[in-house]
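*Asks:* Numbering (the numbering used here), first residue to last: 18 to 616. Don't be surprised by glycine CBs; every beta carbon is placed ideally from N, CA and C.
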Amino acid sequence: MRSKDLAFIIVLIISGELYAEEKPCGFPSVENGRIAQYYYPFKSYYFPMRINEKLSFSCLAGYSTATGKQEERITCTQEGWSPEPRCFKTCLVPELHHGKYSTTQKTFQVKDRVQYECTAGYYTAGGRKAEEVECRTYGWSLTPRCTKLKCSSLRLIENGYFHPIKQTYEEGDVVQFFCHENYYLSGSDLIQCYNFGWYPESPVCEGRRNRCPPPPLPLNSKIQTHSTTYRHGEVVHVECEINFEIQGSEEIRCENGKWTEPPKCIEQKEKIACEDPPFIENGMANPHSTIYYNGDTVAYECRTGYHLRGSKEITCKRGNWTRPPECVENNENCKPPPAVINGAVVDGLLASYTTGSSVEYRCNEYYLLSGAKISRCEQGRWSPPPVCLEPCTINVDYMKRNNIEMKWNYEGKVLHGDLIDFVCKQGYDLSPSTPLSELSVQCNRGEVRYPLCIIKESKGMCAYPPLIKNGVMISSTLGIYENGSSVEYRCFDHHFLQGSRESYCLDGVWTTPPSCLEPCTLSFVEMENNNLLLKWSFDNRPYIFHGEYIEFLCRRDTYIDESSIIGSELRVQCDRGHLKYPRCVSKERMLSYQEHLRT
């Protein structure tokens, strides 16, 4: 009996091995992909499959095989399907305006990295000039983009107003302030958006009572601060130009609407030299001469482990040096770390942090952390904290309005960088000029650009008109535009409209819209650096239209450097927001330059 049982068991084992050798591969589960549709209704007929039988699988949109293909064949082996049918997330390089990538490659797999750099005046999503991003399972670690830095909106001022009014301002934007009747501006009437914020501070409007106009300045003098009006008791320091000495008080005061007696600037009969630059602890001066006269400057630098506090340069003024800087040890403490919107510091906050200490950030649920999660205290300042990128929520109303549906069901929110696949509703299709790739949309910081599908029979109709930079469409907006219809555009204040102000829908495509060319803004820093003055007082205005001319004069004892411009004119034209400033130099520098050319 035992021998019969043993023989039966052996037969079962052998038959099982034969069956396993014959049909070892079951119905494959493809991660982020699928096999051909006709296999699904007949699973029991096709599976399990025999050894050496082959099968094809394809990946969903936004995914690829381990070899980077959209479709691949697998073979049934003794160990199962080979290679394992899996699809991995792929990252497509998004279009980059105002920047360039370090490679021409367009598609990347998970863990691939790519670096991009922004052009002058633009910054990466992390606030840098260049940045490296990584392809991850959910998309790019940070969507590559180059944008101008923004400044916060401005609050209304009491008894006055400003222009232009915007929700956000870009770097380089200039705002001008005005006061109502019987009020004076206290502060600068022009402020500008820089990469660190607004400068100078916004002015205030105060009553005319006891106000002084701009101070009377003697010949060959200058002042450090400029304003259209001054308060009672306000003091202005007067300085004489190089090679002139002051006669009288250096200070003039606003008293009951009038200025005290200003000083005079008398030409020096002999040059007054300064002594050697003063010594500072833990630092040194960088001398470039053995003798220094009025107006000469010397720069300082600190030893390793120290940093400058104060101006790095001192100036020789009438035989005396201005105050030198200090070299302070790099051990300043930091205040509590900066707050992160939609995120928080992991551990509790302290009132003060020593140099070298660090904190770790985390983001709220569904928010994606971008940048370094660790911020460090260095010389009293924190390194840049991360950004928590907002997820997307699918809006059913927008889908209905644009005649689209979800291709796959999504549960909860969609993370930043994830692709969302749409399809057109039955009876609708994309316009002929729109590629199919527009149906795959990437979640971008909480925003989804929903594709638009139109009725299939509506040949020749147009979707939403193109947007223009620095301008808006003033015609009423529609969902669909008939063939031959038109829309009208208008530029923002001070921008020059180039081209036709109307765009027409012709056979489903919009004609080219107009361009809004930026105005120029005078830079008094550039004028100072190039020794320039305005020839006409009416040119001292916040904006100069594209194509307009502005004329300069050289400062006293300086002459036009003909190598800085074509010809010798001091008349330049505003070109799309840019002014090419001519340069004026002293007679000695010009003769030295001409002598150099001759030799």
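Are residue 106 and residue 50 close, meaning C-beta to C-beta below 9 Å?
*Replies:* By one-based count along the sequence shown, residue 106 stands at place 89. By one-based count along the sequence shown, residue 50 stands at place 33. The answer is no: Cβ separation not under 9 Å.
*Asks:* Quick one: what's residue 549 bridged to in DSSP?
*Replies:* Position 532 of the sequence shown, counted from the first residue, corresponds to residue 549. DSSP lists 571 as partners of residue 549.
*Asks:* By a C-beta neighbour count over all protein chains shown, 10 Å radius and 16 as the cutoff for buried, is residue 512 buried or exposed?
*Replies:* Translated into the one-based positions of the sequence shown, residue 512 becomes position 495. It counts as buried.
*Asks:* Answer with buried or exposed for residue 535, where buried requires no fewer than 16 other C-beta atoms within 10 angstroms of its C-beta.
*Replies:* Counting from 1 along the sequence shown, the entry for residue 535 is found at position 518. By the neighbour-count rule (16 or more Cβ atoms within 10 Å), residue 535 is buried.
*Asks:* With a threshold of 16 other CB atoms inside 10 Å of the CB of residue 66, please say whether the residue is buried or exposed.
*Replies:* Taking the sequence shown and counting its residues from 1, the one referred to as residue 66 is at position 49. Per the 10 Å Cβ criterion, buried.
*Asks:* How should residue 311 be labelled, buried or exposed, when 16 other C-beta atoms within 10 angstroms of its C-beta is the threshold for buried?
*Replies:* Within the sequence shown, residue 311 is the residue found at index 294, counting from 1. It counts as buried.
*Asks:* For a test of the three-state rule: what should DSSP assign to residue 576, helix, strand or coil?
*Replies:* If you number the sequence shown from 1, residue 576 lands on position 559. Residue 576 falls in the strand class under three-state DSSP.
*Asks:* Alpha carbon to alpha carbon, what distance is there between residue 526 and residue 488?
*Replies:* As a first step, residue 488 must be located in the sequence shown, where it is residue number 471. As a first step, residue 526 must be located in the sequence shown, where it is residue number 509. So the alpha carbons of these two residues sit roughly 20 Å apart.
*Asks:* For the 8 Å Cβ check, are there 3 or more pairs between the stretch 109-121 and the stretch 85-96?
*Replies:* Too few Cβ pairs lie closer than 8 Å, so no.
*Asks:* Report the start-end ranges of each beta strand (DSSP E) in the stretch 116-182 that is 3 residues or longer and not cut off at the edges.
*Replies:* Entirely contained in the stretch 116-182, the beta strand (DSSP E) runs reaching 3 residues are, in chain order, 116-118, 124-126, 130-135, 147-153, 177-180.
*Asks:* Please state whether DSSP places residue 382 in a helix, a strand or coil.
*Replies:* For the purposes of this step, residue 382 is taken as the residue at position 365 of the sequence shown. If DSSP states are grouped into helix, strand and coil, residue 382 belongs with coil.
*Asks:* What are the boundary residues of the beta strand (DSSP E) that residue 423 is part of?
*Replies:* Here residue 423 corresponds to residue number 406 of the sequence shown, with the count starting at 1. Note, residue 423: beta strand (DSSP E), 421-423.
*Asks:* Could you confirm whether any beta carbon from chain B is found closer than 9 Å to the beta carbon of residue 455?
*Replies:* No chain B appears in the structure shown, which is made up of a single protein chain.
*Asks:* Ends of the beta strand (DSSP E) at residue 416?
*Replies:* Here residue 416 corresponds to residue number 399 of the sequence shown, with the count starting at 1. Where residue 416 is concerned, there is no enclosing beta strand (DSSP E), although the alpha helix (DSSP H) it sits in stretches over 413-418.
*Asks:* For residue 544, name the three-state secondary structure that DSSP assigns.
*Replies:* Reading the sequence shown from its first residue, position 527 is the one you call residue 544. Residue state, collapsed to three classes: helix.
*Asks:* Rounded to the nearest angstrom, what separates residue 375 and residue 394 at their Cα positions?
*Replies:* Here residue 375 corresponds to residue number 358 of the sequence shown, with the count starting at 1. Here residue 394 corresponds to residue number 377 of the sequence shown, with the count starting at 1. Going by the C-alpha atoms only, they are around 6 Å apart.
*Asks:* Taking DSSP's pairing of strands, which residues face residue 51 in a bridge?
*Replies:* Taking the first residue of the sequence shown as position 1, residue 51 is located at position 34. Residue 51 pairs with 75.
*Asks:* Identify whether residue 450 lies in helix, strand or coil by the three-state DSSP scheme.
*Replies:* The residue given as residue 450 occupies position 433 in the sequence shown. Of the three classes helix, strand and coil, the one that applies to residue 450 here is coil, per DSSP.
*Asks:* Assuming residue 63 is part of the alpha helix (DSSP H), what are its boundary residues?
*Replies:* Your numbering for residue 63 matches position 46 in the sequence shown. Where residue 63 is concerned, the enclosing alpha helix (DSSP H) stretches over 60-63.
*Asks:* Please give the ranges of any alpha helix (DSSP H) in the stretch 480-568, keeping only runs that are unbroken, at least 4 residues long and fully inside the region.
*Replies:* Complete alpha helix (DSSP H) runs here, min 4: 541-546.
*Asks:* Who are the near neighbours of residue 292 in its chain, counting only those whose CB is closer than 7 Å to its CB and skipping five residues on each side?
*Replies:* Along the sequence shown, one-based indexing puts residue 292 at 275. Cβ within range, chain order: n/a, list empty.
*Asks:* Please classify residue 288: does DSSP put it in a helix, a strand, or coil?
*Replies:* Counted from its first residue, the sequence shown places residue 288 at position 271. Coil.
*Asks:* Does the stretch 477-486 come close enough to the stretch 425-442 to have 3 or more Cβ pairs within less than 8 Å?
*Replies:* The stretch 477-486, when compared against the stretch 425-442, does not touch it at the 8 Å Cβ threshold.
*Asks:* Would you tell me roughly how many angstroms separate the C-alpha atoms of residue 47 and residue 63, rounded to the nearest one?
*Replies:* Walking along the sequence shown from the start, residue 47 turns up at place 30. Walking along the sequence shown from the start, residue 63 turns up at place 46. Cα to Cα, the separation comes out at about 17 Å.
*Asks:* With distances taken from CA atoms, which of 364, 465, 369 is nearest residue 413?
*Replies:* Residue numbering aside, residue 413 sits at position 396 when the sequence shown is read from its first letter. Ranking 364, 465, 369 by Cα distance to residue 413 puts 465 first.
*Asks:* For residue 239, which three-state DSSP category applies?
*Replies:* The residue labelled residue 239 in the question sits at position 222 within the sequence shown. Note: residue 239 maps to strand in three-state DSSP.
*Asks:* In this structure, does DSSP put residue 67 in helix, strand or coil?
*Replies:* Locating residue 67 in the sequence shown gives position 50, counting from the first residue. In the structure shown, residue 67 sits in coil (DSSP, three-state: anything other than H, G, I, E or B).
*Asks:* Just the Cα atoms here: how many angstroms apart are residue 264 and residue 254?
*Replies:* Looking up residue 264 in the sequence shown gives position 247. Looking up residue 254 in the sequence shown gives position 237. Straight-line Cα distance between these residues: approximately 13 Å.
*Asks:* DSSP has residue 94 in a bridge; who is on the other side?
*Replies:* Translated into the one-based positions of the sequence shown, residue 94 becomes position 77. Partner(s): 97.
*Asks:* Compute the Euclidean distance between the alpha carbons of residue 74 and residue 438, then round it to the nearest angstrom.
*Replies:* One-based indexing of the sequence shown puts residue 74 at position 57. One-based indexing of the sequence shown puts residue 438 at position 421. Residue 74 and residue 438: Cα-Cα distance of roughly 20 Å.
*Asks:* With burial defined as no fewer than 16 other Cβ atoms inside 10 Å of the residue's Cβ, what is the status of residue 418: buried or exposed?
*Replies:* For this step, residue 418 is matched to residue 401 along the sequence shown. Exposed is the call here.
*Asks:* Per DSSP, what kind of secondary structure is residue 325 in: helix, strand or coil?
*Replies:* As a working note, residue 325 is residue 308 in the sequence shown. It is a strand residue.
*Asks:* Assign residue 162 to buried or exposed, taking buried as 16 or more other Cβ atoms, counted over all protein chains shown, within 10 Å of its Cβ.
*Replies:* Counting from 1 along the sequence shown, the entry for residue 162 is found at position 145. By the neighbour-count rule (16 or more Cβ atoms within 10 Å), residue 162 is buried.
*Asks:* Hey, residue 208 and residue 221: beta-carbon distance below 9 Å or not?
*Replies:* Within the sequence shown, the letter at position 191 stands for residue 208. Within the sequence shown, the letter at position 204 stands for residue 221. In this structure, residue 221 does not lie closer than 9 Å to residue 208 by Cβ.
*Asks:* If you drop the 5 nearest sequence neighbours on each side, which residues of the same chain put their C-beta closer than 6 Å to that of residue 410?
*Replies:* As a position in the sequence shown, residue 410 is number 393, starting the count at 1. Hits under 6 Å: 430.
*Asks:* According to DSSP, is residue 606 helix, strand or coil?
*Replies:* For the purposes of this step, residue 606 is taken as the residue at position 589 of the sequence shown. The answer is helix: DSSP assigns residue 606 an H, G or I state.
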